[in-house]
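In our numbering, the protein residues as written are 506 to 756.
The structure under discussion appears below in the form of structure tokens.
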Amino acid sequence: MQSKLELRNISKSFGEVQSLRNVNFRVIPGEVVGLLGDNGAGKSTLIKIITGYHQPDTGEIYFDEQKVDHLTVPKARALGVETVYQERALADLQTLWRNIFIGRELTTRLGFLDIKRMRTETEHLMKESMGFTSHAVTPDSIIGTFSGGEKQGVAIVRALHFQAEIIILDEPTMGLALSETNKLLDFVRQVKAAGKSVIFIDHNIFHVYEVADRIVILDRGRVAGEFMRKDISLELLVEKMRRVAKTGSLD
Ligand SMILES: Nc1ncnc2c1ncn2[C@@H]1O[C@H](COP(=O)(O)OP(=O)(O)OP(=O)(O)O)[C@@H](O)[C@H]1O
Ligand SMILES: [Mg+2]
């Protein structure tokens, strides 16, 4: 299958620290890739290269099999990369509909904000994609009253609405209660069902195992292992992670 995104031989150093060494990484459409690894393994650095925030020292980046030179943040965004951050995702004091359309407001032909249409579209998204069933939630609800899982759900739905192709979640379940986490994992499944890709980073191996199609283990800047979820049991994955942490190798 054609890859949506492919990194080839990516290396990145910060002074003396080599954060990534010859990393190969690919994502295909409709795939959830779980990225696992200890603190400092290089997960966030890898993500920042995909989002154009850092330039790699060496290596190549391909989107839809086309090489992209000098990937920048606006370029990555235009190519459909969206990162959903737990804390920074939304404006707490604003309403749901404003948060959906923040920075991409709909306007009338005369150039005024088309509040009516933004509200209606938000209502539609809530019913079709967000699965908000509570009557307490309306397009005019203030985001600050939403739970952590719901906020991320809103950010994910927003990303999908604006044609994101690859949604990146870096530690999305941190600090979430169990029911919240389940809600978030449902959102991830929805993105997949929509044919889009997800890169899911989490310290919690159980959460990763629950949603990922493929699991990549990073260790000290290297890809230490890669598994199709269907080919590995949770017990074996836990065991592999232990071994990697101890010896830096799978065997
Ligand atoms: N901007 C930077 N300047 C200097 N060193 C950096 C920078 N960004 C990352 N590093 C170093 O690169 C290594 C990998 O860091 P990175 O943040 O990618 O790890 P991580 O896998 O995301 O870890 P965590 O699980 O703690 O989030 C670490 O040793 C880190 O200190
Ligand atoms: Mg990190």
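Every residue gets a Cβ at the ideal spot worked out from N, C-alpha and C, and that includes glycine.
Everything numeric in this text was worked out from a predicted model, so none of it was measured.
Report the rounded CA-to-CA distance for residue 728 versus residue 608, giving the unit in angstroms.
-> 37 Å
Residue 479 beta carbon near ligand 2 (any heavy atom closer than 7 Å) | Examination of residue 479 is not possible in this model, given that the chain is present from 506 through 756 alone.
Could you tell me which of 520, 615, 512 sits nearest to residue 570, measuring between CA atoms?
-> 512
Would the C-beta of residue 675 count as close to ligand 2, meaning under 7 Å from any of its heavy atoms?
-> yes
Residue 610 versus residue 629 - alpha carbon distance | 16 Å
Check residue 515 in the structure and name its three-state DSSP category.
-> strand
In three-state DSSP terms, what is residue 510?
-> strand
Under 8 Å, do residue 555 and residue 510 count as touching if we go by C-beta distance?
-> yes
CB of residue 496 within 8 Å of CB of residue 681, strictly = In the structure displayed, the chain extends from 506 to 756; residue 496 sits before or after that span and is not available.
Just curious, the alpha helix (DSSP H) that residue 604 is in, first and last residue?
-> 601–606
Using DSSP with H/G/I as helix, E/B as strand and the rest coil, what is residue 750?
-> helix
Among 582, 581, 644, which one has its Cα closest to the Cα of residue 606?
-> 644
Taking DSSP as the reference, what is the three-state secondary structure of residue 544?
-> coil
Can you give, in chain order, each stretch of the alpha helix (DSSP H) that sits fully within the segment 630–714 and has at least 4 residues?
-> 653–666, 683–698
Heavy atom of ligand 1 within 7 Å of residue 524 beta-carbon | yes
Check whether the segment 656–673 touches the segment 576–596, taking contact to mean three or more Cβ pairs, one atom from each stretch, closer than 8 Å.
-> yes
Is it right to say residue 550 is buried, meaning 16 or more other beta carbons lie within 10 angstroms of its own, or is it exposed?
-> buried
Kindly examine ligand 1 and report whether one of its heavy atoms sits closer than 7 Å to the Cβ of residue 542.
-> yes
Please work out which residues of its chain come closer than 7 Å, Cβ to Cβ, to residue 619, disregarding the five sequence neighbours upstream and downstream, and give them in chain order.
-> 611, 612, 613
In the DSSP assignment, find the beta strand (DSSP E) that holds residue 729 and state where it starts and stops.
-> 727–733
State whether the segment 519–537 contacts the segment 708–728, with contact taken as three or more CB pairs (one from each stretch) at a distance under 8 Å.
-> yes
Any non-hydrogen atom of ligand 1 within 7 Å of residue 545 CB = yes
Is residue 530 near ligand 1, in the sense that its beta carbon is under 7 Å from a heavy atom of that ligand?
-> no
Nearest to residue 597 by alpha carbon, out of 655, 537, 697?
-> 655
Residue 627 in three-state terms, based on DSSP | helix
Evaluate residue 557 with the Cβ neighbour count: other Cβ atoms within 10 Å of its Cβ, from every protein chain shown; 16 or more gives buried, anything less gives exposed.
-> buried
Taking DSSP as the reference, what is the three-state secondary structure of residue 577?
-> coil
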